[in-house]
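Residue numbers (the numbering used here): 6 to 269.
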Ligand SMILES: C[S@@+](CC[C@H](N)C(=O)[O-])C[C@H]1O[C@@H](n2cnc3c(N)ncnc32)[C@H](O)[C@@H]1O
C-alpha cells in the first residue's frame with residue numbers, strides 16, 4: 006500500500022514548483038494506492054475508483070492527465086477509461102495479460118495516449134518493449150515525439166493490414182493489442198498474429214461495431230468477428246474473455262484471446 010495524493014500537472018511548472026505543490030497536496034489529501042495488476046494501481050479520486058500507472062517519464066504529462074506523487078516521490082498517472090479501450094478493460098477488472106517484460110505489438114497507436122500507459126507498465130520493474138503501428142501522418146508525429154521521451158516505444162509508420170511491411174523490424178511478441186477501427190478488424194488481428202505472436206501469446210482486441218457495419222446489430226457483428234478469430238486460416242485462437250466496453254465506449258467489445266499454435 007502506498008500513501009498518495011492528487012495534483013494537476015502543468016507542463017510549464019518549474020521542478021521546484023511541482024515538488025512544492027505535490028507536498029502541499031499530500032498534506033491536504035492523502036489517499037491509498039494498491040497494485041492490482043502488473044504495473045497497474047488503483048485508488049480513489051473524489052470518492053471514485055481510479056486506475057493509475059507509474060509515470061515512466063516523470064514530470065511529463067501526455068494529454069493533461071492528472072498525476073499523483075507519493076511520499077517517496079514516485080509519480081503516478083491517472084488513466085481515463087473513456088479515452089482508452091485498454092484502460093476500460095482494466096477498469097472493468099479483466100485479467101489483462103500484460104507484464105513488465107512483455108514484448109507488445111500495438112496496432113492503431115494514434116498519437117500514443119494508450120501506448121504511453123503500456124510504456125509505463127513495461128517500464129515498471131521490467132524491460133518490455135512496445136512496437137506501435139500507426140498509418141496516419143498527423144498522430145504519427147505526436148507518437149514519434151512521445152517515443153523520444155520513452156525508450157521502450159518503437160514507433161512504426163505503416164499499415165497494420167500489411168504486416169509483411171514491418172516484419173523486418175518487429176520481433177516475436179507476447180501480446181498484440183489492436184484498436185484500429187477498421188471493417189476487417191479480426192482479419193487484421195489474425196494476419197499480424199500469424200507473423201508475430203508467439204504460440205501461447207495473447208491478443209487483446211477492441212472491436213468497434215460501427216466500423217464493421219453501421220446497419221447491423223452489434224451483437225451479430227461481434228459474433229461474426231469472434232468466429233473469424235476462432236476459425237482463421239492463419240492462426241488458431243481460443244477466446245478467453247469478451248466484454249462490452251460500455252459505458253466507457255459505446256458499441257465496442259473487448260476480446261482477450263490466446264494463440265494456440267500455427268495450423269500449417
Ligand atoms: C481509435 S484510434 C486508436 C486510439 C489509440 N489506440 C489510443 O487508445 O490511444 C484508431 C487508430 O487506428 C489507426 N488505424 C486505422 N487503421 C489502421 C491501419 N490499417 N494501420 C495503422 N493504423 C490504423 C487510425 O489512424 C487511428 O489513429
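Beta carbons are placed, not taken as given, at the ideal position from N, Cα and C, and that holds for glycine.
- Ligand 1 never approaches residue 97 closely enough for any of its heavy atoms to be under 7 Å from the residue's Cβ.
- Using a Cβ distance threshold of 8 Å, residue 257 and residue 90 count as a contacting pair.
- Judged by the Cβ position, residue 201 fails to qualify as a neighbour of ligand 1 at the 7 Å threshold, every heavy atom of the ligand being at least this far.
- By the Cβ-count criterion, residue 160 is buried, with 16 or more other Cβ atoms from all chains shown falling within 10 Å of its own Cβ.
- Residue 47: member of the beta strand (DSSP E) spanning 45–50, first to last residue.
- Residues 57, 58, 60, 70, 72, 125 of the same chain have their beta carbon placed closer than 7 Å to that of residue 82, with the five preceding and five following residues left out of the count.
- Nearest to residue 64 by alpha-carbon distance, out of 78, 169, 114, is 78.
- For the pair of segments examined, the region 218–228 was found not to touch the region 105–121: the number of CB pairs separated by less than 8 Å stays below three.
- C-alpha of residue 42 to C-alpha of residue 140: approximately 31 Å in a straight line.
- At least one heavy atom of ligand 1 is found less than 7 Å from the C-beta of residue 113.
- The shortest CA-to-CA distance from residue 162 to any of 94, 86, 67, 145 is the one to 145.
- In the structure shown, the three-state DSSP call for residue 216 is helix.
- Assignment of residue 93 by DSSP, reduced to helix, strand and coil, places it in the helix class.
- Per the coordinates, the alpha-carbon of residue 111 lies some 23 Å from the alpha-carbon of residue 236.
- For residue 186, no beta strand (DSSP E) run applies, since DSSP gives it neither H nor E.
- Distances from the CB of residue 86 to the heavy atoms of ligand 1 are all 7 Å or more.
- If you draw a straight line from the Cα of residue 128 to the Cα of residue 54, it comes to about 24 Å.
- Taken through DSSP and simplified to helix, strand or coil, residue 79 comes out as coil.
- Distances from the CA of residue 251 to each of 231, 212, 137 were compared; the closest alpha carbon is that of 212.
- Taking the C-beta atoms as reference points, residue 172 is found nearer than 8 Å to residue 200.
- For residue 238, the closest C-alpha among the options 228, 249, 204, 192 is that of 192.
- Cβ-Cβ distances below 7 Å link residue 185 to 112, 113, 165, 193 in the same chain, with the five nearest sequence neighbours on each side left out; the list follows chain order.
- According to the DSSP assignment, residue 146 belongs to the alpha helix (DSSP H) that extends over 142–154.
- Counted as a single uninterrupted DSSP element, the stretch harbouring residue 229 is not any beta strand (DSSP E) but the alpha helix (DSSP H) occupying residues 223–236.
- For residue 197, the number of other beta carbons within 10 angstroms of its own is at least 16, and it is reported as buried.
- Look at residue 98 here: in three-state DSSP terms it is coil, with no helix or strand label.
- With respect to residue 138, residue 158 sits apart: the two C-beta atoms are not nearer than 8 Å.
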